Each structure stands twice: as C-alpha cells, then as structure tokens.
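Everything below concerns the one structure shown next.
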Ligand SMILES: [Fe+2]
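In the working numbering, the protein residues as written are 708 to 1013.
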C-alpha cells in the first residue's frame, strides 16, 4: 500500500464504479463522505474532536434519538419545504399544509367511526377539555366519507405512549373513520408543549450550540383516503410561547387552531361532555393523489423506529 494524499484516499473510498453496488447509494455515499472530508480539512477538525463526535453519534443512535436530532437540526422541515416547492412547481399547492411527522407515530391505534375519546373516560382531569371536530374534504370542498384520521398527542407531562413505559398501549392515540358527510369528532384535552429529554445526546448538542429544545403544544395527524394524497400534518394550540420558536421548525400558517371556549355541552353528550368546553373546529383538505402510491397509508414518510 503506497502513501495516499487526501484526494487519492477520497477517490478510493468513494466506492464508485463498483459493478455490484447500487448506483444511487454509491452517489449519495460518495457525496456525503466527500463533503465530510472537506469539512474536516477546512475546519481543521482534530482527532479528539472527531472521535468525540463519533461517540456522540453512537450514543444518539443507541438511545433511539436519531429521529429527534433530524427534526432539531431542520432536516424534517427541509424535506417538507422541498415537497412544497415541488408542489408549487406542479400547481399542487392547495389543501391543508403538510407538517413534519416526527419520530413518534405508531400504526394500528384503535379505530372508531365518526367520533371517539382520545383520552380515557373516567380518568382524572388532565387538562382543558376539548372536542376537535370538522370534516375531511377534497380541494373542491366535497366531503370525503371513509377517510381514516390517525391522531396522536402527548400526555400532560409531554410524553407519548409506546415510548413512555408509564402509559398504556395506544394511550392518546386513536383512529377515526369519517362518516357519510366526511365528518369526524373526538374528545381529549389540550396537550402541553414539551422539551427534548434532559441529559441526553440531543440535549448535549443543543446546550453546546446554545439552543433550547422546546416544542410548542401540538397535535399530530395522518389522514388517509382512497384516491387522495396521504396527508401528514400537525396543528398548534394558540398562545404557546414557543409557537414561533419551535425546536423542530414545524409551525405553519393555516395550522394554528382557533379555540371556541365555553361551548355548550348540548349535542356532545355521547362524548361524555357535561360542562361547557373548548370546541376546536378544523377541516382537513386533501389533494387528489397523482398515483396509487400517493394514496397508500405507507405514503407517509416512512421511517424505521428503534
Ligand atoms: Fe409531538
């Protein structure tokens, strides 16, 4: 083995022109490795800094936080912005805006028709009672019957079931199928905002770069319907001090809820509402799917969860 210059080494590790490789992976791998080589050289990154970074990355991934750091460093929103730009170019910018899925979606939540409780009946008050309701419609305003709305949000401590061992399976996760008029409604409580886990690889990086790790209060949705483009979005509860300074850059115009406080309980008895509550009207407007793959449940941004 002869001595190598930086350039010669990069040529050798780029894996290009290997006939058994996947050309797309070869291209992406070569580009990212090349960019990192250049960053190490131009920033004069020292061995101890490099190995501290590798150690951090190992701890981040073994702790299941890779999907958290991608949101915090803007990658999730970047992917949405690129899709928005492609839609704009194609004249497809109508409908409810998309917003990042985040790493905490779990498939298979209990399914109800038209209405459900997302919180549990009979438990102690966990926050301001709300009923969110509206319709799923297409871009022409026609109701969409049989759409499946997946909803998930954090508990009063800012934690999500499945990832929090103190919560029941599918707690605060439900699916609702719209009725013949495209309607849905569910009862829950307004969730609080939350922060990234303290004393974690994610918080280590954020404290080192001088950023906070807070997310404003929000509720996640995934809406699927035949022939329509799968919609992944989240809506914000107004009044949160982090609404314009979200750790994950996810706040969007058109996705900030309007709260109708002190709505009469009349007509909401089937959801167990007995006192004036906060009504949250919201319609989901779905684009037509360009092809089968855009309408499939897996058209949501796919990711493997640790
Ligand atoms: Fe969330």
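No residue lacks a Cβ here, since even glycine has one placed at the ideal position from N, Cα and C.
Note that this is a predicted model, so its numbers are computed, not measured.
Taking all protein chains shown into account, decide if residue i is buried (16 or more other Cβ within 10 angstroms of its Cβ) or exposed.
i	result
residue 946	exposed
residue 998	exposed
residue 870	exposed
residue 893	buried
residue 843	buried
residue 1011	Any reading at residue 1011 is ruled out, since the residue's pLDDT is 46, under 50, leaving its predicted position unreliable.
residue 1013	Low confidence applies to residue 1013: its pLDDT is 31, below 50, so where it sits in the model is not reliable enough to give any reading.
residue 857	buried
residue 764	exposed
residue 872	exposed
residue 900	buried
residue 919	exposed
residue 776	buried
residue 714	exposed
residue 903	buried
residue 796	exposed
residue 778	buried
residue 868	buried
residue 816	buried
Between the options, which has its C-alpha nearest residue i's C-alpha?
i	options	result
residue 848	1001, 1002, 991	991
residue 905	893, 899, 921, 894	921
residue 733	717, 787, 721	721
residue 885	973, 812, 819	819
residue 968	978, 974, 984, 977	984
residue 830	743, 841, 863, 811	863
residue 1098	816, 933, 748, 761	Nothing can be reported for residue 1098: it is not among the residues displayed for the chain, which extend from 708 to 1013.
residue 814	838, 876, 866, 826	876
residue 936	1002, 880, 868, 735	1002
residue 845	938, 791, 757, 737	938
residue 780	915, 974, 747, 954	954
residue 996	974, 799, 915	799
residue 993	916, 889, 901, 919	889
residue 976	822, 729, 775, 925	822
residue 851	914, 811, 883, 952	883
residue 911	726, 759, 712	759
residue 828	840, 878, 887	878
residue 925	865, 762, 874	865
residue 948	923, 902, 970, 731	923
residue 649	916, 841, 861, 867	With the chain represented from 708 up to 1013, any question about residue 649 goes unanswered, as that position is not in the structure.
residue 825	861, 725, 790, 757	861
residue 909	839, 762, 952	762
Output needed for residue i: all residues of its chain with C-beta closer than 7 Å, excluding positions within five of it in sequence on either side, in chain order.
i	result
residue 940	803, 804, 805, 806, 928, 962
residue 907	770, 772
residue 835	896, 897, 985
residue 768	none
residue 964	942, 943, 944, 945, 987, 989
residue 748	713
residue 978	822, 824, 838, 894
Leaving out five residues on either side along the sequence, give the residues of the same chain with a beta carbon under 8 Å from the beta carbon of residue i.
i	result
residue 832	896
residue 740	717, 720, 721
residue 787	805, 806, 807
residue 972	980, 981, 982, 983, 984
residue 837	894, 895, 896, 897, 966, 984, 985, 986, 987
residue 725	733
residue 960	804
In the DSSP output, which residue or residues are listed as bridge partners for residue i?
i	result
residue 803	Beta-bridge pairing links residue 803 to no other residue.
residue 940	928
residue 865	Beta-bridge pairing links residue 865 to no other residue.
residue 878	Note: residue 878 sits in no beta bridge, so no partner.
residue 988	840
residue 970	984
residue 887	Per DSSP, none; premise fails for residue 887.
residue 822	892
residue 922	901
By Cβ distance below 6 Å, which residues in the same chain neighbour residue i in space, the five residues on each side in sequence not counted?
i	result
residue 859	880, 927
residue 956	781, 784
residue 774	810
residue 913	920
residue 794	800
residue 887	852
Report whether the distance from the Cβ of residue i to the nearest heavy atom of ligand 2 is below 8 Å.
i	result
residue 968	Absence of ligand 2 is noted for the structure shown, with ligand 1 being the only ligands found.
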